[in-house]
Structures are given as structure tokens and as C-alpha cells.
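Below you'll find the structure, written out as C-alpha cells, and then a few comments.
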Amino acid sequence: MNFDLTEDQREIQRTAREWLASRYPIARVREIALDGGSDATWDEIDELGWPEIADFGMVELAVVAEQLGFSLAPTPLASHWAARLLHPELEGRGTVAMWDGEDGAKLAVPAADVADTIIVQRGDQVFAVPAAEASIEPANALDPTRPLFTVRASGGEEITGDHLARAWHAIYVAAAAESVGVAARVTAMSVEYAKERKQFGRPIGSYQAVSHACAQMFLETEGARNVVLWAAWALDNDPDAAFMAANAAKAYASDAAVNVCRSSMQVHGGIGFTWEHDLHLFFKRAEANARAFGDSTWHREQVAATYL
Amino acid sequence: MDLTLSPAEEEFRDTLRAWIADNHPGKEPEGDEASFAFRRDWQQKLNERGWAGLTWPEEYGGAGATQIEQAILFEEFARSRAPQMANVLGLTMGGPTVIAHGTDEQKARFLSPILSADEMWCQGFSEPESGSDLASLKTRAVLDGDAYVVTGQKVWTTFAHHSKWCMLLARTNAEAPKHRGLTYFLMDMEQPGVEIRPLVQITGEAEFNELFIEEARIPVENVVGGVDNGWRVAITTLMHERAGLAFALQARVQVALGELADELRGTTDPLIRQRFAQVAIEAQVLRLLAFRGLTSTMKGGEPGPEGSLGKWLWADINQALTTLAMDARGPAAQLVDDTWTYRFLRARANSIEGGTTEILKNIVAERVLGLPRA
Ligand SMILES: Cc1cc2nc3c(=O)[nH]c(=O)nc-3n(C[C@H](O)[C@H](O)[C@H](O)COP(=O)(O)OP(=O)(O)OC[C@H]3O[C@@H](n4cnc5c(N)ncnc54)[C@H](O)[C@@H]3O)c2cc1C
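Protein sequences appear in the order of chains A and B. In terms of UniProt numbering, the first sequence is residues 1 to 308. In terms of UniProt numbering, the second sequence is residues 1 to 374.
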């Protein structure tokens, strides 16, 4: 019984934290996301071996995913992971299209512009459609760090196999891990601001309405990280608990990130509501991520179904 | 990361499970005296097997086991709905304090009767004017020859009416800053200077008491951890115990959750299902926090913030769970039933006893996040 990361996992965490901090400082994230700058780091990400990190294990993937959320890196890596989990033989880059719009359109598909293959969910089935055969239109995404597209893709080759149910749950865990990263970063930002900002001659963090809000952020962030690591571990080691754990992780971590960001905006006061401040980028990632791959209400119902 | 048990730990769990199945005393009788006797018998039975003080050193009647084995024991007790042991405060606080800070003579004198339930313990910290601000307490202890003479009032003293010994915090130095003038004593309750008056709780029971202390005498050899060092003794023990306690509490939450699931099975009310799932998820979060706490104490480090987070989260969850159970009963919840009414009422104290939720948030904000003091 040991609930710590291994030395190797720590090393992966360190590398991810440092590499992402150097390539994607928040000013660079803003440039790419808000000013339409371009991102050319995929080859480097490929060299780091991250696109295939699921082959090492889900804990390793979750560790990197948390850092993606922490840095808000505007990379299509997570979308590619999702595609590759569903379609292990995937060649090139992929993404997943789930949400049905009208007349066969798939809405809110991330990274469709850079994908070679789009994995399309139709009912209980999934199909691999070459992106070249699909129509791809940019959509107006809430989260500017993760561009979304409307995709029309018919036909394709059906993907079958026993891996699918696990793959969906692994995707939930990866998304949950990103939310943990967002929650962790915003908790730290809030605490720092609460120490610096003075009103009535005292740091605002000395007022319990503020300090207790920060404590609540910390509780939810720690809790979310624990439940995500448990779910990631269970997917590789404890299949009986894994699916429930993954649903629990997605529900709890989504809520944690959303709660932390909303509360942080209150702690920041007016400055947190400005375009110029970075908080809204994290806020929008948290809100969008909470609705991708099933919202918390849906995931909670899956948990309820295992008990009731 | 590895959340599995080692073969030796699995074997311990299986032995424990089989033993509990053979020795389970059945349902606890009602009434304070009867339930107390029942819990004392159970503790004695466990102690004969070496399991009352599982992690205590062998020379004092313990089994020298690991924190993980202790966690397994808590989980198995909860799972089998075994009774509580009678001497809770001696086992979770008094004994560990004596082990950590006591002299060899104190260890030889006090530990074994805690395990055998021959001598019960209570905790005399809180006073009418000093609850959250514990260090402001006023009970005075004045040296008179080879004993301290103690005068003051304590309140909310759980199980004082069954106890032989009281972990008493009293002021020995009125000049020193409030945290530095306190001493931790072991006070004999069986003396004329100690009067106990029961306090009835909202559940109708009288678990706790008022304690009136009028020139009670405590021999100097019953000071634990040095004169004027009582705050440190009280705090370090509390911190170290919280990790283990969190495990016992989370195990009980899991069981209550299972019982509630049995009652709610098949319900189609989406609100009830959502609320149930939320409690189930948070109960997992609590369990994982307890695992985290175990991992850090096993590595010999200071217990992390898990202790305060765990106590806070546990109170939230237990209140949410018992409230949900009441709500699910609908109009029937106007009547007292034989499970949830009591649990719902008792859970209201969870965010007050052992440090209020507000105080725990202060601790997290100040000591973990480094925010300035209020
Ligand atoms: C069932 C039960 C069993 C108990 N058993 C024992 C026992 O065996 N031995 C023992 O010594 N004690 C025991 N206690 C006492 C318990 O530790 C105290 O009740 C608790 O510490 C709170 O103190 P208080 O009741 O004086 O409330 P107060 O400290 O007066 O608090 C009242 C309210 O003010 C809030 N508050 C106080 N200070 C602050 C602050 N700085 N910031 C924000 N909010 C604040 C509190 O959170 C609370 O909401 C028990 C209590 C209960 C309910």
C-alpha cells in the first residue's frame, strides 16, 4: 500500500512541468489562443514520446495530463490521446467526434484541423474516418486555448474490440486529470493574490471569507488529484473498481476545477473579470472541459447506477 | 503507486475476518450502562488476542503492527459492524500521548490498563469560556509539595462518568504567553475534588459531562511531557492520531453508505440518485485522503494536511449522507426510526467536536497555504 508516485512517475511529472513551462508560458498561450499565433511544437512533443504515453500506464498519462491543464498548453495532445485509446492502430494524429448536432453534424470537435483521422461515435459504435474525407468548419469555442470544429463525416471503418469500454473510461480520466491541473494552478494563483492584495490595510487573505474560500479550493484540488490517480491506477490494476472510479474522477475533478475558478474570480475582484488577466483562460478551460466527454450529472448517474 | 495489500497484509485481513465472524457479539444493547459494559467486554476480548493496541509497542501489551494493519482492522470492524471499543479516548489519544511523551514509569503504569479496559480515560480540554480558543483555558494547577492542586471547570467531557483518568490541560504559568503556560496532566477522577454532572445531548443521550474541579490533587509524576509544555504535547498527539482516526471514520462512512444504498436500491428519483452519487464519490475522496495520510506517516514524516482536510471532509460527508437518508424517508422522517434519526442528529456534532470546521479551515489556510492570520 503506497499512495505516492514512483521515482519514474515523478521524473515524468518534472519533465512535463518544466518543458511545458518553457514552451508555453502564459504569455505564449495568450498569443496562440487569442492573437491567432501558430504552434509548431508537435514534433517536439512527439520526440518526448507523449503521444504514446498510455503505453507506459494510465498513471503516467494522468501525470502529463495534469500538467497540460496546469500550463493550459494549447496543444492537440489530449485529443490525440482520446483517438488513440479508442483506435490503438491509429496512424498519424487523431481526434474524437461525439456530440450530435443537426443533420449528421458532429459539434465541438477539438483539433479536427490538424487530425489525420477522426474517430466518430455513432450510438454505441465508433468509426475511423479519414479527415480528408470529412467536412471541417471552425466553431466559436468558449475556451480559446482549445479550438473546436463542426465536423461532417460519413462512412469510415468500424472499430471493434474489448478495449472500447476501458478506452472511454481512460478518456474520462485523462480529461479529469486536465481539470486537476487547472484547479491546482488557479488555487495557487488565488492564494498568491490573497497574500499580496491589501484592502482596509490588511492582506485580503486575512479575511476568513477569502481564506476559507482558498482552503475550500485546496480541499477540492487535493481531493480531485487523489481520485484521478486512483482511477488511473485502477484502470491498469483493479478492473472491478476502475469504471466507477473513472466516472467518479470525471465528476469530482470537473466540479472541482469549475468551483475553484468561479471562487477564484470572486477572490480576485474586478481585475479577475478582465480580458487582460489570465484567469478567464483557466476559467473557460474548466467550464469547457467539465462538459466534454459527459458532464458531471451524467457521470454521477453512472456512479449511482453501480450502487443503486 | 500501489493500492494493493501485501500477501502478509492479506493474511492478516483474512485471519481478522474469520476471528470476527466467530466472535461477533451481535447487536449492541440500548442504554448507557448496558452499551458500555458490552463495549468493555468486546475490548477485553480483542485485547486477549493482542488487537486492542495493535500498533502499540509489544512491551506494553501492543502488537507492534504497522499503520496499514491498523487501517485494515478499522475497515474489517466497520465492514462486520463490530462494536466500538469502550476505551476510545484512552486508545486513540491517551495511550499514544503516553507512548510519545511519557516516562518509562508512566508507560509501565498506564498503558496496560488502557488496553484491558480496566481503566477508562476521558479528555478534559474544553472549558465553558475556552472552546476553539483552547489555549485561553483558565483551570489552574498550583504546585504544593509533591502534587499540583487543581481548580477549575471543564465541559463536554465525553465518557467522564466511566473514567478513571482524565487527560487534563491546566494552566501552570499565568505569566507566560497563553500557549506556553499549560501543562498536560493525568488526573485521577476518583477523588473528592472532582464532581461530574451529565449533559444531555440533542439525541437524548448523555455521552458528555460537565466537570467541576475543586482543589483536586495530581502528583507531580503525573505530568506528561514537562511542565508548561502541555500545548505541544496536546497538539502533536492530536496531529499524529488524526491520520489513524480518519481511517476509522471513513470506514464507517463506507458502511453507512452501503446501508443507505440497500434502502435506496431501485429508486428512480433523479435528485436522490444524484445526491447519493455525490456522497459516494466524496466518500471515496475521503478514503483516498486517509490512504495519503497513511503513506506519509508510514514514511516517518510529519502527518501532512490530510488530517485537517480529512476531519473537515468527513464532517461534511457524514452530514450530507445522514441528511440524504432523512430526505429519502419523506414525510416518515417526522417520526423517530431506529437508525437514521439518531445518526442524523448525532452527525450535527461532527462539524463541532474535535475542532470545528471553521477552525480546520483556518488551519489549512494558515499552516498549509501560508495565508496571514485572521
Ligand atoms: C459531541 C461532542 C463531544 C465532545 N467531547 C469533548 C471531550 O471529550 N473533551 C473536550 O475537551 N472537548 C470535547 N468537546 C468540545 C469541542 O472540542 C468543542 O465544542 C469545540 O472545540 C468548539 O468549542 P465551543 O463549543 O466552545 O464553540 P466556540 O469555540 O465558542 O465556537 C462557536 C462558533 O464560533 C466559531 N469560531 C470560533 N472561533 C473562530 C475563529 N477563530 N474563526 C472562525 N470561527 C470561529 C466556531 O467554528 C463555531 O462555529 C466535544 C464536543 C462535542 C460536540
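Backbone N, C-alpha and C fix where the C-beta goes; we use that ideal spot for every residue, glycine too.
Exercise for review: Give a single yes or no on whether F212/B has its beta carbon closer than 7 Å to a heavy atom of ligand 1.
Suggested key: Checking the Cβ of F212/B against ligand 1 gives no.
Point to revise | Beta-carbon spacing of E9/B, I68/B below 8 Å | key: Yes, these two residues count as a Cβ contact at 8 Å.
**Study point:** 7 Å Cβ cut-off: residues of chain B touching H212/A
**Key:** Near H212/A (Cβ distances below 7 Å), the residues of chain B are K361 and A365.
Exercise for review: Consult DSSP for Q334/B and reduce its assignment to one of helix, strand or coil.
Suggested key: Q334/B falls in the helix class under three-state DSSP.
Exercise for review: With a floor of 3 residues, list each beta strand (DSSP E) that falls wholly inside the region 97-125 of chain B, ordered by position along the chain.
Suggested key: Within the region 97-125 of chain B, the runs of beta strand (DSSP E) that reach at least 3 residues and sit entirely inside it are, in chain order, 121-124.
Point to revise | Simplified DSSP assignment, three categories, for G62/B | key: Coil, per DSSP.
**Study point:** Beta-carbon proximity of S211/A to A194/A, cut-off 8 Å
**Key:** At the C-beta level, S211/A and A194/A come within 8 Å of one another.
**Study point:** Spatially closest choice to A128/A from E158/A, D240/A and D100/A, by CA coordinates
**Key:** It is E158/A whose Cα lies nearest to the Cα of A128/A.
Exercise for review: Please list the segments of the beta strand (DSSP E) lying wholly inside the region 57-126 of chain A, counting only runs of 3 or more residues, in order along the chain.
Suggested key: For the region 57-126 of chain A, whole beta strand (DSSP E) runs of length 3 or above, ordered along the chain, are 94-97, 106-110 and 117-122.
Review point. Excluding sequence positions up to five away, which residues of its chain have a Cβ less than 7 Å from the Cβ of L34/A?
Key: The beta carbon of L34/A is closer than 7 Å to those of P144 in its chain, skipping five residues each way along the sequence.
Check your understanding: Should G131/B be counted as a contact of ligand 1 given a C-beta to heavy atom distance under 7 Å?
Key -> Yes, Cβ of G131/B sits closer than 7 Å to a heavy atom of ligand 1.
Exercise for review: State buried or exposed for D269/B, treating a residue as buried only when at least 16 other CB atoms are found within 10 Å of its CB.
Suggested key: Note on D269/B: under 16 other CB atoms within 10 angstroms of its CB, so exposed under the neighbour-count rule.
Review point. Beta-carbon separation of A86/B and R39/B under 8 Å?
Key: Going by C-beta atoms, A86/B is nearer than 8 Å to R39/B.
Check your understanding: Could one say the Cβ of R28/A lies closer than 8 Å to chain B's Cβ atoms, at least one of them?
Key -> By this cut-off, R28/A is not an interface position.
Point to revise | Endpoints, alpha helix (DSSP H) assigned at I20/B | key: Element bounds for I20/B: P7 to N23.
Exercise for review: Compare the C-beta of A215/A against all C-beta atoms of chain B and say whether one is closer than 8 Å.
Suggested key: Cβ-Cβ to chain B under 8 Å: yes for A215/A.
Exercise for review: Specify, as a first and last residue, the run of the alpha helix (DSSP H) that E282/B falls within.
Suggested key: Here the alpha helix (DSSP H) through E282/B covers P270 to M298.
Practice item. Please work out which residues of its chain come closer than 8 Å, Cβ to Cβ, to A246/B, disregarding the five sequence neighbours upstream and downstream, and give them in chain order. Key: Taken in chain order, the residues that qualify are L286, L289, A290, G293, E306, G307, G310, K311 and W314.
Check your understanding: Counting contacts by CB-CB distance shorter than 8 Å, is Q208/A in contact with chain B?
Key -> Yes, Q208/A lies at the interface with chain B (some Cβ there is under 8 Å from its Cβ).
Check your understanding: A21/A to S71/A, Cα distance in whole Å?
Key -> About 7 Å.
Review point. CB-CB under 6 Å to A117/B, same chain, minus the five flanking residues each way: which ones, in chain order?
Key: The beta carbon of A117/B sits closer than 6 Å to the beta carbons of R40, Q43, Q44, A86 and N87 from its chain, once the five residues preceding and following it are set aside; these are given in chain order.
Review point. Per DSSP, what kind of secondary structure is A253/A in: helix, strand or coil?
Key: Three-state DSSP puts A253/A in a helix.
Check your understanding: Any C-beta of chain A sitting closer than 8 Å to the C-beta of G266/B?
Key -> Yes - at least one Cβ of chain A is within 8 Å of the one on G266/B.
Practice item. Report the partner residues of G152/B according to the DSSP bridge assignment. Key: Answer is I213/B.
Review point. Taking 8 Å as the CB-CB cut-off, is L289/B touching chain A?
Key: At least one beta carbon of chain A lies nearer than 8 Å to the beta carbon of L289/B.
**Study point:** Assumed close pair S179/A, S254/A - CB separation to whole angstroms, cut-off 8 Å
**Key:** Their Cβ separation, rounded to whole angstroms, is 5 Å, which keeps S179/A and S254/A in contact under 8 Å.
**Study point:** Chain-order list of residues whose beta-carbon lies under 6 Å from that of H277/A (same chain, five-residue window excluded)
**Key:** Closer than 6 Å at the Cβ level, and outside the excluded window around H277/A, lie I271.
Practice item. Check whether the Cβ of L229/A lies closer than 8 Å to any Cβ atom in chain B. Key: Yes, L229/A lies at the interface with chain B (some Cβ there is under 8 Å from its Cβ).
Review point. If you check the beta carbons only, do V194/B and A174/B fall under 8 Å apart?
Key: No. Outside cutoff.
Check your understanding: For ligand 1, any of its heavy atoms closer than 7 Å to the Cβ of A349/B?
Key -> Taking 7 Å as the cut-off, the C-beta of A349/B counts as close to a heavy atom of ligand 1.
Review point. For W51/B, which three-state DSSP category applies?
Key: In the structure shown, W51/B falls within a coil segment according to DSSP collapsed to helix, strand and coil.
Review point. If you drop the 5 nearest sequence neighbours on each side, which residues of the same chain put their C-beta closer than 6 Å to that of L16/B?
Key: By the criterion of a C-beta distance shorter than 6 Å, L16/B is surrounded in its chain by E76, once the five residues flanking it on both sides are discounted.
Practice item. Closer than 8 Å by beta-carbon distance: list the chain A residues that pair up with A280/B, in chain order. Key: Here the neighbours are A248, V303, A304 and Y307.
Exercise for review: With a threshold of 16 other CB atoms inside 10 Å of the CB of P239/A, please say whether the residue is buried or exposed.
Suggested key: Around the Cβ of P239/A, a 10 Å sphere holds fewer than 16 other Cβ atoms; the residue is exposed.
Check your understanding: Could you give the C-beta distance for V64/A and A16/A, rounded to a whole number, given that I count them as a contact under 8 Å?
Key -> V64/A to A16/A, Cβ: 5 Å. Contact.
Review point. Based on Cα-Cα distance, which residue from A234/B, E221/B and E129/B lies nearest to G181/B?
Key: Per the Cα distances, A234/B.
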